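Notes follow the structure.
Numbering (UniProt numbering), first residue to last: 1 to 329.
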C-alpha cells in the first residue's frame, strides 16, 4: 500500500481547506476602497503668541458673538471635492518572450573547461609517455651493463681456465723434457752398436733408425750434430730422421709408422712456437724424392709429435725442417 492510498482522505481535506481560506481572503480582505477618503482638519488651541504657560485659557479682551465665530469656522473649513468615479486601468499583458535558440555563456564556459581539461589530459599523457620511455631506456642500459659484466666475467673465467691449461701444459712439457734429458744422459753413459751394424751419427735420443736402438758408433762423439749412414743389418734400417732449426735442439723426434711398401726420403717443413711445440707440418717440400701419400702422411704425423727445447727469446713462430728416410728390408 503506497503513501497516496494510505493518506488519500487527509490530502483531499487539506487541499479543500486551504482553497477555501484562499477564496475568503481574496473576496473579503484584499481590496482598496475607491475613491480614497478625504483628510479631516485638526483643532488647534486659540492664542496670540507662540509661547505660553498654564492650563486655563485666559479670558478674552472683548466679547465676540458666538455666531460670528461659528461662521468664521465654517468658512475656514475646506469642503472636499465630490468623489469622481474612476475606472481602474486594465493591467497590460506582459509580452511573452520570443522563443529562440540562444547561445548562453554556459556553453562557452563548458567548451573552455573541456578544452582546458583535454589539454591537461594530453600533457599528462605526454608526461607519462616520456616517463615510460625513460624507464625503458634505463632498463635497456641496465640490461646492456649486466650483459657486459656477464661477458667480462665469462672472459675472465675463460682466461683463467686457459692460463691454468697453459700452466699444466708447460708443467707437462717440462716434465717430459726433464725425463727425456734424464734418459739422454743415461744413454750417453753407455756405449754399444745398433742392431743394424756399425754406424755413426748424432746420439740425441736412444734411437733414430727403424725400429729403434742406440744408433751411433762407440768411436763417435756424443755432442755431434750429424748422422752417419746405418749398417746393413737385418730389418728396416738406414739413415734416421734429421732436423734443421736454427738455435733450437730437438728434445723428442718420434719415428713414423713405416708402411713398408716403398722407400724414399720425405722432407717436412715444420713451424715451431716458443714452447718448442710443432704447430704446423707440411710434408713433401724441396728435398723429398717421393710423393707417396702414405709416406707423406706418416712423416707429417711424426713431425707434429716432435718437440724442441723452449726458448723465450726465439721468434713466436720459427720454421725449420725434419727429414725422414724410409728404407725397405
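All residues carry an ideal CB built from backbone N, CA and C; glycine is no exception. Note that this is a predicted model, so its numbers are computed, not measured.
Assigned with DSSP and collapsed to three states, residue 258 falls in coil, not helix or strand.
Out of 310, 124 and 321, the CA that lies nearest to the CA of residue 286 is found in 321.
Look at residue 274 here: in three-state DSSP terms it is coil, with no helix or strand label.
Per DSSP, the continuous beta strand (DSSP E) segment holding residue 322 begins and ends at 317 to 326. Assignment of residue 293 by DSSP, reduced to helix, strand and coil, places it in the helix class. Of the residues 140, 246, 303 and 116, the one whose Cα lies closest to the Cα of residue 267 is 303. Residue pairing by DSSP puts residue 308 in a beta bridge opposite 250. Contact annotation: residue 283 and residue 300 have beta-carbon atoms nearer than 7 Å. Cβ neighbours of residue 310 within its own chain (closer than 6 Å, five residues either side excluded): 275 and 276. Remark: C-beta atoms of residue 257 and residue 298 approach each other more closely than 7 Å. A Cβ-Cβ distance of about 6 Å is found for the pair residue 288 and residue 265, placing them in contact under the 8 Å criterion.
Comparing C-alpha distances from residue 318 to each of 34, 324, 15 and 244 shows the shortest one belongs to 244. Taking C-beta atoms as the reference points, residue 281 and residue 272 fail to come closer than 7 Å. When DSSP states are grouped into helix, strand and coil, residue 5 belongs to the helix group. The alpha carbon of residue 262 has as its nearest neighbour, out of 326, 253, 251 and 252, the alpha carbon of 326. Distance from the CA of residue 5 to the CA of residue 29, rounded to the nearest whole angstrom, comes to 37 Å.
Membership of residue 242 in the beta strand (DSSP E) is indicated by the continuous run 242 to 244. Between residue 53 and residue 40, the alpha-carbon positions lie close to 28 Å from each other. In this structure, the straight-line span from the alpha carbon of residue 17 to that of residue 36 is close to 34 Å.
Each residue's CA atom was taken as its position, placing residue 167 and residue 150 some 25 Å apart. Shown here, residue 52 sits in coil according to DSSP, grouped into three states, outside any helix or strand. If only complete runs of 4 or more residues are kept, the segment 117 to 178 shows no alpha helix (DSSP H) anywhere. CA-CA distance, residue 157 to residue 163, rounds to 10 Å.
Residue 251 sits buried, since 16 or more C-beta atoms from the chains shown fall within 10 Å of its C-beta. Classified as buried, residue 240 has 16 or more neighbouring CB atoms from the shown chains inside 10 Å of its CB.
Residue environment for residue 26: exposed (fewer than 16 other C-beta atoms within 10 angstroms of its C-beta). A straight line joining the alpha-carbon of residue 176 with that of residue 145 spans about 46 Å.
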